[in-house]
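In numbering that gives the first Met the number 0, the protein residues as written are 0 to 299.
In this text, a Cβ means the ideal position worked out from N, Cα and C, and glycines have one as well.
The structure appears right after this line, and notes come after that.
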Amino acid sequence: MQQTGVVLEPARQRLAGIETRILDAVEYRPETRSLGRIVDLQPLLELRSRYRAAQAEAKITDAALRLARKNRDRLASLHSEAIVATRELIHAESQLAADEARAVTARQHVRELQEEGLQAWGTELFQAAVAGDSRLFDDLLQRRRVLLLVTLHHGQALPADAARIMVAREGDRQAAQPAELVSAAPKTDDIVQGETWFFHTDARKLRTGMRIEAWIPASAEKLSGVVIPRSAQIWHEGRPWVYLRIGADRFVRRPIDAHRDYGDAWFVDEGIEPGASLVTRGAQLLLSEEQRHAIPEEDD
C-alpha cells in the first residue's frame with residue numbers, strides 16, 4: 000500500500016491545532032441519490048370530503064329506491080285485486096323509475112370520485128384517506144408524519160426490497176432519517192420522466208412543499224468500512240489522501256482512491272480500517288511539513 004509519513008512533536012501538534020478521531024465501523028449499502036418533496040394533502044382531503052358526501056347521497060337514494068320498490072309492489076298487489084286505481088299504480092311506478100335513476104346517478108358519482116382518487120393518489124393512499132380507521136392517515140393529518148413524493152432518475156427502478164429509504168434536507172446524508180414506502184405514485188414528473196413513489200417519514204422540521212434528497216438502495220449488498228469527513232481530505236498529485244496517526248508523534252499519509260459519496264463525506268471500504276486514528280483537522284499542515292522535510296534526489 001502506498002503511504003508516506005511525517006513526524007511532528009506533540010507540542011507542535013497542539014500549536015498547529017491537529018485533531019484526530021477514532022474511526023468507527025459503518026455498514027453501507029450502495030445507494031443512488033434522487034429528489035423528492037413534501038406533498039400537500041389538501042387536495043386529497045377535499046377529494047375525501049366529496050367522496051364521503053357522494054357515499055352519503057348514494058345511501059339516501061338507495062333507501063328511497065327500496066321504499067319506492069316496496070310501495071310499488073304493495074300497490075301492484077292491491078291493483079290486482081281491484082282495490083286501488085290504476086293511476087295510483089302508475090304514479091308508484093313513475094316514482095320507482097325516478098328513484099332508480101337517482102340511485103344509479105349517485106352510485107356512478109361515487110365510482111367516478113373513486114376513479115379520480117385512484118388516478119391521482121393510488122389505491123393505498125386513497126383507501127387510507129376514505130377508510131376512517133387508517134393509522135398512517137391519522138398520523139399524516141396530525142402532522143406526526145409527512146408524505147413524500149420521490150422521483151427516481153430516468154431509467155432507474157426502485158429495488159423490490161426497498162421498503163425503506165433515507166431522506167434529508169440539504170443533502171446531508173449523515174443527518175438523514177428513514178422513510179417508509181407507501182406505494183407507487185400514479186403520475187410521473189413532467190421533466191425527469193422517472194418512476195415516482197410515495198413514502199412517509201417523521202415530520203420533525205419538515206414542512207409541506209419542502210424539497211428533500213433521498214438515498215435509494217441500489218442493491219441488497221452491504222459493505223463494511225469507515226466514513227471520511229470532508230475536513231480530513233486533502234489533494235496531492237491529483238489524488239485524494241488522508242493522514243492517520245500511528246504514534247504520539249508519527250503520522251502516515253494514505254490514498255483513498257476507492258470511495259463512495261456519503262452525503263458530505265466519503266465511505267471507504269479499502270485501505271483504512273475501523274479503529275484507525277484519522278486526522279480531521281490539520282492534514283494540509285502535515286502535508287506541508289512532510290514536503291518541507293523531503294530530501295530531493297542528488298544529481299549524479
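Which residue from the options puts its Cα closest to that of residue i?
i, options, result
"threonine 31", "Leu286, Gly274, Glu212, Ala10", "Glu212"
"alanine 226", "Leu180, Ala275, Thr207", "Before going further, note that residue 226 is valine rather than alanine in the sequence given. Valine 226 has its Cα closest to that of Ala275, out of Leu180, Ala275, Thr207."
"leucine 74", "Ala62, Lys58, Ala91", "Ala91"
"glutamate 236", "Val191, Val129, Asp23, Asp256", "Asp256"
"arginine 51", "Phe125, Ile271, Arg142", "Phe125"
"proline 42", "Gln118, Ala15, Asp160", "Gln118"
"arginine 20", "Arg259, Arg244, Asp260, Arg291", "Arg244"
"arginine 106", "Ala55, Ile271, Pro29", "Ala55"
"valine 25", "Ala167, Glu272, Leu77", "Glu272"
"leucine 205", "Asp188, Trp214, Gln192, Ala175", "Ala175"
"arginine 168", "Lys186, Gln192, Trp214", "Trp214"
Whose C-beta lies closer than 6 Å to the C-beta of residue i among residues of the same chain, with five residues either side of it excluded?
i, result
"glutamate 8", "Asp248"
"valine 5", "Phe250, Leu285, Glu288, Glu289"
"serine 133", "Ala127"
"arginine 210", "Arg36"
Taking the alpha-carbon positions, what's the residue i to residue j distance?
i, j, result
"glutamate 220", "arginine 163", "15 Å"
"asparagine 70", "threonine 60", "15 Å"
"arginine 65", "aspartate 72", "11 Å"
"alanine 217", "glycine 121", "25 Å"
"arginine 101", "glutamate 111", "15 Å"
"threonine 104", "arginine 47", "19 Å"
"leucine 40", "arginine 203", "17 Å"
"histidine 152", "alanine 63", "53 Å"
"glycine 16", "aspartate 260", "27 Å"
"leucine 157", "glutamate 123", "18 Å"
"alanine 84", "glutamate 99", "23 Å"
Keeping to the same chain, check which residues put their C-beta closer than 8 Å to that of residue i; ignore five residues upstream and five downstream.
i, result
"threonine 3", "Val251, Arg252, Glu289"
"histidine 199", "Leu135, Asp138, Leu139, Arg144, Val145, Leu146, Leu147, Ala178, Glu179, Val181"
"arginine 49", "Leu112"
"aspartate 263", "Gly170, Asp171, Arg172, Gln173, Pro228, Arg229"
"isoleucine 190", "none"
"tryptophan 234", "Trp240"
"glycine 208", "Arg36, Ile37, Asp39"
"glutamate 269", "Gly224, Ala257"
Using a Cβ-Cβ cut-off of 7 Å (strictly less than) and excluding sequence neighbours within five positions of residue i, which residues of its own chain qualify?
i, result
"alanine 231", "Val241, Leu277, Val278, Thr279, Ala282"
Check whether the Cβ of residue i sits closer than 8 Å to any heavy atom of the ligand ADP, and report yes or no.
i, result
"isoleucine 245", "As for the ligand ADP, it is missing from this structure, which has no ligand bound."
In the region 239-294, which residue ranges form an unbroken alpha helix (DSSP H) of at least 4 residues, counting only runs that do not cross its ends?
Complete alpha helix (DSSP H) runs here, min 4: 282-292.
Jot down the residue ranges of each uninterrupted alpha helix (DSSP H) in the region 47-87, minimum 4 residues, whole runs only, in chain order.
Scanning the region 47-87 for uninterrupted alpha helix (DSSP H) segments of 4 residues or longer gives nothing; none is fully contained.
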